[in-house]
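Heads up, the sequence shown is in our numbering, so the first residue is -18 and it goes up one at a time.
The beta carbon of each residue, even a glycine, is placed where N, CA and C say it ideally should be.
First the structure, in the form of structure tokens, and then the observations on it.
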Amino acid sequence: MFIRDLLQTKPVTFSCELFPPKAGTDLARADEVVEQTARLKPDFISVTYGASGNTSHNTLRMARRIEENGCTALAHLTCVSASRSDVAVRLDAMQQSGVQNVLALRGDLPEGETKPADACFQHANELVEAIRAHGEFCIGGACYPEGHVESASQEEDIANLKRKVEAGCDFLTTQMFFDNNVLYRFLYKLYAKGITVPVLAGIMPVTNKKQMTRIIRLSGTSLPPRFQNILDRFGDDSAAMEQAGIAYATEQIIDLVANGVRGVHLYTMNRPDIAGRIASNLSHILGKDA
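See the structure below:
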């Protein structure tokens, strides 16, 4: 099923993101994570992809598993180190596997690596154009409520985002954020620039202080004082931090849905138990009480 059709017909969508195992790690555990996440009955499950393609095989493998478990899969695809023939081969493999939905990303090169000489893509909008020309896919893109870390300003970032949408993006998913007002202000700016495709709110339940510190450093996401207080008070108590993180994410989602946001995308960090507790807290709100 195309995700764009789900977004047009459902009042609120709830989706989850997983990441594939690295080469040589436990594929059986990855299959278990897929099965447990699919039991939550999300509207779709996305699978991330290494910037240099180093998890591409397992991305597609997990996407197939998702479809086999009766759930719609969204396979990420990055282009920072890819040639046009690389992208064509990967898209062919997705089509042959029955994967109809792609999240088009530029990606970032791993630390210490340089861009290959045959890499053809500078920006994600070029990848969107290549996917659109290749065949019938539903195409998603990423957006950044606080601006991309490499953009000189949010205005520049939104201008780049509009190029991506005009190239053929069917929907957008935000980077994680912890202050809903940041998202609301961002959405108003998108509407003012004529960007009207569905925008899914990316929510990460923070259950580990060390993990959060690294994410903040890499993404540039800001923390509101209320959330910083939670980290300071409970960050060194793993059980308390997990409970507080689930509660905070739950409250965020309730506020988002109450204010008309029609799609929530949960960054699960491969923790279906955490995703399940949040989904249970929101069963009636998300229409998952059946």
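Helix, strand or coil for His308? Go by DSSP, reduced to three states. Residue 308 lies beyond the residue range present for the chain, which begins at -18 and ends at 271; the question has no answer from this structure.
For Tyr248, count neighbouring C-beta atoms within 10 Å of its own C-beta (all shown protein chains included) and say buried if the count is 16 or more, exposed if not. buried
For Tyr125, count neighbouring Cβ atoms within 10 angstroms of its own Cβ and tell me buried if that reaches 16, exposed if not. buried
If I measure Cβ to Cβ from Gly128 and keep anything under 6 angstroms in the same chain, skipping five residues before and after, which residues do I get? Gln135 and Asp138
Residue environment, Asp24, which counts as buried when at least 16 other CB atoms sit within 10 Å: buried
At which residues does the alpha helix (DSSP H) containing Ile255 begin and terminate? Pro253 to Asn262
Helix, strand or coil for Gly121 per DSSP? strand
With Phe167 as the anchor, note down where its alpha helix (DSSP H) starts and where it stops. Asn161 to Ala173
Nearest by alpha-carbon distance to Ile26: which of Ser(-4), Arg10 and Glu49 is it? Ser(-4)
Is it buried or exposed for Arg226, if we count other Cβ within 10 angstroms and need 16 for buried? A small fix is needed here, since residue 226 is Gly in this sequence, not Arg. Under this definition Gly226 is a buried residue.
What number of angstroms, rounded off, separates the C-alpha of Ile211 from the C-alpha of Leu267? 26 angstroms
Check whether the Cβ atoms of Ala105 and Leu84 lie closer than 7 angstroms to each other. no
Have a look at Leu(-13) and Val(-7) and give me their C-alpha separation to the nearest angstrom. 9 angstroms
Here's a check: name, in chain order, each residue in its chain whose Cβ is nearer than 7 angstroms to the Cβ of Gly149, leaving out the five neighbours to either side. Val109, Glu110, Arg113 and Ile120
Quick one: what's Leu108 bridged to in DSSP? Answer by DSSP bridge pairing: none, since Leu108 is not bridged.
Span of the beta strand (DSSP E), counted from its first residue to its last, around Gly244: Gly244 to Tyr248
For Val28, the nearest candidate out of Lys22, His38, Arg20 and Arg214 (CA to CA): His38
Backbone CA spacing between Gln81 and Leu55 [nearest angstrom]: 8 angstroms
Suppose you measure from the CA of Arg252 to the CA of Val14; what does that come to, to the nearest Å? 8 angstroms
If you measure between the beta carbons of Gly183 and Thr202, is that distance less than 7 angstroms? no
CA-CA distance, Phe208 and Gln76? 42 angstroms
I need the straight-line Cα distance from Gly116 to Leu72, nearest angstrom please. 8 angstroms
With DSSP run on the structure shown, which of helix, strand or coil describes Asn189? coil
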